[in-house]
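Q: Let me begin by handing over the structure; questions about it come next.
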Amino acid sequence: MPKQIPATSAGWTAWANALEEKSPARFRAFILAVAVVLMVAHYTIDEIAYHPETSLWQAWTFWSGAWIYAAWPFVNWLAWRLVSAGRLKTAKPILIMTAVLSAGSILALCLPNILGSIEIMHLHRFDPPIEKWHWFAFRFYWRFWTAVVLVIGNLVLLWRWRRAAAESTELRAEARVVPDREGAIGSTRGACAPRASVSRSSMILKILAVTSATVACGVTALHLFLPRVPANEDVVDIARNYLIEARLRNDFDYLIQHSFSPGRPLAPWLMHLELADLQRHQFYPNLDDATFREYVLSPETAVLPLPEVNWRRTLWENFCPRIRHETDPIEAAQIVVRFLRERVGIDPSYDYRVGVETIWTEQMTDDAGFERIYVATLRSVGIAARLNDAGQAELLEGNQWQVAPRVLVSSLEDKKFPGPKHGLVNFRNWAGDDWPQ
Amino acid sequence: MRYVNYRIGVPIVALLCLLLAMAWETHRDPFRRIEFTVNTPHFGKTKAIAVLPKPDATFPVLIYVHGWSDNLMKDGKSLRQIAELGLAAVGIEYDQTNPAAFDEQFLALQNFVQRQSWAQSNAIAWLGMSMGAQRTLWFLLNHPGVQPQLYVRLSGGWDEELGSKFQVSSFKFPVLLVHSDNDTVFPLEDTRRLAALLETNGVSVNLRVLRGTGHDFGLDRPVVFREMAEYCRAHLPLADYTATLRDCRLNDAERQRFNLAMQRAGQNRRELWKAVVASHEPERRTLMMVIGGLEDYDLAHVQASYLKSNVHLAWQARRTYPWCHNTPLDIFEKYVAGSRFFQEQIEPWRPLLNRLARHEVKYCRTTQEASDKVWKLMNEKVAFNLQESDNELAPLKILDAGRAGCLGLCIMHAAIARSVGLAERVTRVLWQNSLGEHFCVEIWSAEDQRWHEIDVSAGDRAFDNDWVMRVPKTAILAPTGDRGVWDGLGVGRWSSFTNTISLIYPSVDVVIKVRNHGIPAPDQTVGIKLPTVKGLVYMALARTDLNGEARLTLGRSAQYPYLFFVLPPEEAAVSAKYPFPFSRHQFGEETWRWVQVRSDQTQEVILNLEDRQPFDPNTKPPALSKPL
Chain A
676 MPKQIPATSA GWTAWANALE EKSPARFRAF ILAVAVVLMV AHYTIDEIAY HPETSLWQAW
736 TFWSGAWIYA AWPFVNWLAW RLVSAGRLKT AKPILIMTAV LSAGSILALC LPNILGSIEI
796 MHLHRFDPPI EKWHWFAFRF YWRFWTAVVL VIGNLVLLWR WRRAAAESTE LRAEARVVPD
856 REGAIGSTRG ACAPRASVSR SSMILKILAV TSATVACGVT ALHLFLPRVP ANEDVVDIAR
916 NYLIEARLRN DFDYLIQHSF SPGRPLAPWL MHLELADLQR HQFYPNLDDA TFREYVLSPE
976 TAVLPLPEVN WRRTLWENFC PRIRHETDPI EAAQIVVRFL RERVGIDPSY DYRVGVETIW
1036 TEQMTDDAGF ERIYVATLRS VGIAARLNDA GQAELLEGNQ WQVAPRVLVS SLEDKKFPGP
1096 KHGLVNFRNW AGDDWPQ
Chain B
8 MRYVNYRIGV PIVALLCLLL AMAWETHRDP FRRIEFTVNT PHFGKTKAIA VLPKPDATFP
68 VLIYVHGWSD NLMKDGKSLR QIAELGLAAV GIEYDQTNPA AFDEQFLALQ NFVQRQSWAQ
128 SNAIAWLGMS MGAQRTLWFL LNHPGVQPQL YVRLSGGWDE ELGSKFQVSS FKFPVLLVHS
188 DNDTVFPLED TRRLAALLET NGVSVNLRVL RGTGHDFGLD RPVVFREMAE YCRAHLPLAD
248 YTATLRDCRL NDAERQRFNL AMQRAGQNRR ELWKAVVASH EPERRTLMMV IGGLEDYDLA
308 HVQASYLKSN VHLAWQARRT YPWCHNTPLD IFEKYVAGSR FFQEQIEPWR PLLNRLARHE
368 VKYCRTTQEA SDKVWKLMNE KVAFNLQESD NELAPLKILD AGRAGCLGLC IMHAAIARSV
428 GLAERVTRVL WQNSLGEHFC VEIWSAEDQR WHEIDVSAGD RAFDNDWVMR VPKTAILAPT
488 GDRGVWDGLG VGRWSSFTNT ISLIYPSVDV VIKVRNHGIP APDQTVGIKL PTVKGLVYMA
548 LARTDLNGEA RLTLGRSAQY PYLFFVLPPE EAAVSAKYPF PFSRHQFGEE TWRWVQVRSD
608 QTQEVILNLE DRQPFDPNTK PPALSKPL
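Residue numbers (our numbering), protein chains in the order written: chain A, 676 to 1112; chain B, 8 to 635.
Below you can see the structure in the form of structure tokens.
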């Protein structure tokens, strides 16, 4: 400590500079030690504020977290030391960062009631929906305090380092300076080659090329990324205007209206739209739009706990090549059901109400599930299909709905649902424990 | 570029590309093919092939012997169809002209298969098609000591010597005979005679006649093979995936559970296995237990990275928090490491909720402290709103919405709790005094070593509040942690739930005896309903055993007695699959009785089928005999 306590900040600075000149290493160690203390103080104050009911000193968890904060000033200093090869002085900025953090923590500890009142006041004033309440809560922002201070502090250090690096580069450049054509000293222009004159036409061409490339990249990005991001109303609007052909927009609207729920990527629905349109006229040259949308385009074959809609491409790839020469729905359905039965087995123990994707992956399902995937398969190749009241797949032939063709035999075994075993009682006691007295 | 020698460089690069493509394709191939030869003492060597599904395991084996004019090359599709179902498919190029040579070749093949590490030597089925069926039958008769566990004959024939010369009574395995009614090579009558002969000799026979196809089943041949492979899979043991793991810590029942899940996973099996082989004990055991309990939807959709990270975070919590450390391993595996509640979407809620909650429970030492912190956090994030329909049951969706009904709140609470190592499950509570059901949660208390019920949707009821214990109730249905809760509430798959009412409310074991003129009536379905403010409400269902008895635990009657009645057979048949429809039962003349359930001792209820009388659901129920 100085013999006389300085009265001004300039006095403190002079004292600190003198101390640094006298023993730089000791000075740095002192500064970092103070930073460590401040950082641990910041951590402690935060923990006291968050867990006022806990005796922190007795909690092992408190100490296990404290060392990370204690180590941070040294680690930060060391990182900059390595990055700047020792040329950047970082101890004092780090001390300032920790001081700011601690001061913030003390403020947050002292002012919770005032902040709480402000929160309540704003909540009353703006009356936001409950899911937005956290925007008015002080704690919501306070959790970013440490991160914000550390990032800003390190950005300042980065800026200083770049400035120092630029200065040293300039100095080196000045040392290497060569005379220019006029022989003037101190100018660096002579080191550069004279610029070639650029004609107007080539300039226009370049601008056109850059513009075209940018537009191409933008359009490609739109087609690649838009279908894959979780979609909200805006994304759906953009997709409708830029990704969908005008003649398909009504079909797209139908899909969005009937089976899409926000927050999911649009890709499966775009796939339905594209592939269903490819098959639009194979079996029905004059199918009306309403029937096409409801029984060919629609990805929902039944009401299930979780809708599974991403099945069309898989089924289309597997089944379409087999019926590509067919024009009669019945004959095509016979081919379809035969191959479907080759791929998907029937077992009553698979009686969970799952969708087409799960059934196709598991390769097994129960009778009801087989009918569901049968309908989906028929739709994927362009045949209008639905489940009738008995849960059987039926297809549109001419203007008549009729039960879709079946396989030769559905199973070699007379399987039936096992049902509850004898003595199996639904509401049996868990462990036979008595009522606790 | 003068240093580049294109004459050498281009072929090398092309070769490398080819090798890479081959390696990639081999990796993607869902099957492993092993070509081998078997030696016979008198007829030299013969070729054979085994097609094994990936990943590696010890598989039940199906040996396929093709028919006349077929060969090993043509067997490929049939073998692949068999292997797709998780069986090891083995084919052989046998001598089609010399039966003696076949016998030696088939015996050598059988011996070879028995020695393989991928084969379950006690689970081998034979499949003979046409001439292959004839040859294998003769082999069986000539070598009675070598028998399969299942024998399948497709379009096989008859030989006059069969009936006279040989004894088939030594066959100790079931036989499936498949034949077409239009078979012109071997008439259907041949197979009927063989079936009759086998049945006479006490062999279990299943004869299936396919209408309208020919000897080789024509276009339906692949379908017949698929169905035959499904039949074999159903009658042979499961493939054992755990056999390839060193130091597997699952017991036999757990292995069976895991293997069944792997079988159900179908094409996603390799993804699940990727997670298993990438983890180490003790996390690997937990991972396998989690896989064993996955719903079908999860088995088909879940990614290896998701499974692994879930189990890793659960174990991290187990190592960090005392309440989780002291939770029994099986409960930890089902209700901490498991990530499904009902039929919500798969989403990575655990890391996010853990980040939210770990600061809250940092200084907690007991289950109660941690539970209360979780409850407080949940109330900060999500508000109770009766209008919410609970359509979105996924925790992160609920968090986004910021409001939920009682089921949504319970799921949210359970998800936060599991993310910090609290074992918790969502329970369906049937109240006695209102129409509706209600959802609560049960937390495993590490200190008391028992489940603790909490009504988390009320804003003032934390861990130690006994409100939930005071309200009269009939039953509390808690998920067992096994497959089945997916849509269990919707379709009434009650076997996936367990009744925990006796833990928190006075209840009693009720023994229901159904008698028909004094004789015990088995297979009777008994329904239990309860009068409420909105009429009679379905409460429970029980099925009588061979002694005509059924047992179930019910909460003691608080306001009205229970109505016990026997379901008519047609309704019982429906309720065998989905018990829920029986709630729409229309009362007529039937066997019924009012029963007041007490909580002092085991209670017996006798229902006589001959005592049928009309029941009017609008009549006022009798009062309880004494206030409870």
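Yeah, the Cβ is synthetic: ideal placement off N, Cα and C, and Gly gets one too.
With 8 Å as the limit, tell me which residues of the segment 968-981 of chain A have their beta carbon closer than that to any beta carbon of chain B; keep them in chain order.
A: Hits within the stretch, in order: 980, 981.
Q: Using a Cβ-Cβ distance cut-off of 8 Å, determine whether residue 277 (chain B) contacts chain A.
A: So, not an interface residue.
Q: How far does the beta strand (DSSP E) with residue 569 (chain B) in it extend, from its first residue to its last?
A: Segment 569-573, the beta strand (DSSP E) holding residue 569 (chain B).
Q: According to the Cβ coordinates, are residue 437 (chain B) and residue 505 (chain B) closer than 8 Å?
A: Cβ atoms of residue 437 (chain B) and residue 505 (chain B): not closer than 8 Å.
Q: To the nearest angstrom, report how far apart residue 75 (chain B) and residue 96 (chain B) are at their CA atoms.
A: Each residue's Cα considered, the two are about 19 Å apart.
Q: Given this structure, state the Cα-to-Cα distance separating residue 257 (chain B) from residue 59 (chain B), to the nearest angstrom.
A: Taking the straight line joining both Cα atoms gives about 24 Å.
Q: Would you mind sorting residue 1137 (chain A) into buried or exposed? The rule is 16 or more other CB atoms within 10 Å of its CB.
A: Here chain A covers residues 676 to 1112 and nothing more, so residue 1137 (chain A) does not appear.
Q: When the cut-off is 8 Å and only beta carbons count, does residue 989 (chain A) lie next to chain B?
A: So, not an interface residue.
Q: Since residue 70 (chain B) sits in a beta bridge, which residues does DSSP pair it with?
A: Bridge partners of residue 70 (chain B): B:97, B:133.
Q: By the DSSP assignment, the beta strand (DSSP E) with residue 535 (chain B) in it spans what residues?
A: Residues 532-539.
Q: Determine the direct distance from the alpha carbon of residue 963 (chain A) to that of residue 1074 (chain A), and round the result to whole angstroms.
A: When rounded, the distance between both Cα atoms is 11 Å.
Q: Answer with yes or no whether the minimum CB distance from residue 603 (chain B) to chain A is below 8 Å.
A: No - not a single Cβ of chain A is within 8 Å of the one on residue 603 (chain B).
Q: Determine the direct distance from the alpha carbon of residue 1030 (chain A) to that of residue 631 (chain B), and round the result to whole angstroms.
A: Roughly 48 Å between the two C-alpha positions.
Q: Quick one: does residue 1036 (chain A) have its CB under 8 Å from some CB of chain B?
A: By this cut-off, residue 1036 (chain A) is an interface position.
Q: Counting pairs of Cβ atoms below 8 Å between the segment 455-462 of chain B and the segment 982-996 of chain A, do you hit three or more?
A: Counting Cβ pairs under 8 Å, fewer than three are found: no touch.
Q: Count Cβ pairs between the segment 225-240 of chain B and the segment 88-106 of chain B that sit closer than 8 Å; are there 3 or more?
A: Judged by Cβ distances under 8 Å, the segment 225-240 of chain B makes contact with the segment 88-106 of chain B, as three or more pairs qualify.
Q: Between which two residues does the alpha helix (DSSP H) holding residue 505 (chain B) run?
A: Segment 504-506 is the beta strand (DSSP E) holding residue 505 (chain B); no alpha helix (DSSP H) there.
Q: Residues bridged to residue 450 (chain B) by DSSP?
A: Residue 450 (chain B) is bridged to B:431, B:459.
Q: Is there a Cβ of chain B sitting closer than 8 Å to that of residue 794 (chain A), yes or no?
A: No, residue 794 (chain A) does not count as interfacial toward chain B.
Q: In the DSSP assignment, find the unbroken beta strand (DSSP E) run with residue 546 (chain B) in it and report its ends.
A: Start and end: 542-550.
Q: Here's the rule I'm using: 16 or more other beta-carbon atoms within 10 Å means buried, otherwise exposed. How should residue 167 (chain B) be labelled?
A: Residue 167 (chain B) should be labelled exposed.
Q: Evaluate residue 892 (chain A) with the Cβ neighbour count: other Cβ atoms within 10 Å of its Cβ, from every protein chain shown; 16 or more gives buried, anything less gives exposed.
A: The residue is exposed, with fewer than 16 neighbouring Cβ atoms inside 10 Å.
Q: Helix or strand or just coil, what does DSSP make of residue 693 (chain A)?
A: Three-state DSSP puts residue 693 (chain A) in a helix.
Q: Roughly how many angstroms lie between the CA atoms of residue 974 (chain A) and residue 951 (chain A), to the nearest whole one?
A: When rounded, the distance between both Cα atoms is 10 Å.
Q: Would you tell me roughly how many angstroms separate the C-alpha atoms of residue 106 (chain B) and residue 146 (chain B), rounded to the nearest one?
A: So the two alpha carbons sit approximately 9 Å from each other.
Q: Starting from the Cα of residue 763 (chain A), find the closest Cα among A:775, A:771, A:837, A:693 and give me that residue.
A: For residue 763 (chain A), the nearest C-alpha among the options comes from A:837.
Q: Please list, in chain order, the residues of the segment 354-381 of chain B that have any C-beta partner in chain A closer than 8 Å.
A: So the list reads 366, 369, 370, given in the order they occur along the chain.
Q: Taking a cut of 9 Å between CB atoms, which residues from the segment 219-241 of chain B lie near chain A?
A: Correct list: 219, 220, 224, 226, 227, 229, 230, 231, 232, 233, 234, 235, 236, 237, 238, 240, 241.
Q: Can you list, in chain order, the residues of its chain whose CB lies under 6 Å from that of residue 562 (chain B), leaving out five sequence neighbours each side?
A: Closer than 6 Å at the Cβ level, and outside the excluded window around residue 562 (chain B), lie 480, 481, 508, 512, 514.
Q: Scan the segment 883-913 of chain A for residues whose Cβ lies nearer than 9 Å to a Cβ of chain B and list them as they occur along the chain.
A: Answer set for the segment 883-913 of chain A: empty.
Q: Within 8 Å (strictly less), CB to CB, does residue 858 (chain A) reach chain B?
A: At residue 858 (chain A), the pLDDT of 46 sits below 50, so the modelled position is not reliable and the matter cannot be decided from this model.
Q: I'd like to know if the segment 710-718 of chain A and the segment 735-752 of chain A are in contact, where contact means that at least 3 CB-CB pairs between them fall below 8 Å.
A: At 8 Å Cβ cutoff, the stretches touch.
Q: Can you give the beta carbon distance from residue 314 (chain B) to residue 268 (chain B), rounded, assuming they're within the 8 Å contact cut?
A: About 12 Å separates the two Cβ atoms, so there is no contact after all.
Q: To which residues does DSSP link residue 157 (chain B) through a beta bridge?
A: Answer by DSSP bridge pairing, in chain order: B:132.
Q: Using the three-state DSSP reduction, which class does residue 143 (chain B) fall into: helix, strand or coil?
A: Three-state DSSP puts residue 143 (chain B) in a helix.
Q: For residue 280 (chain B), is the classification buried or exposed, using 16 other Cβ atoms within 10 angstroms of its Cβ as the cut-off for buried?
A: Its Cβ being crowded by 16 or more others within 10 Å, residue 280 (chain B) is buried.
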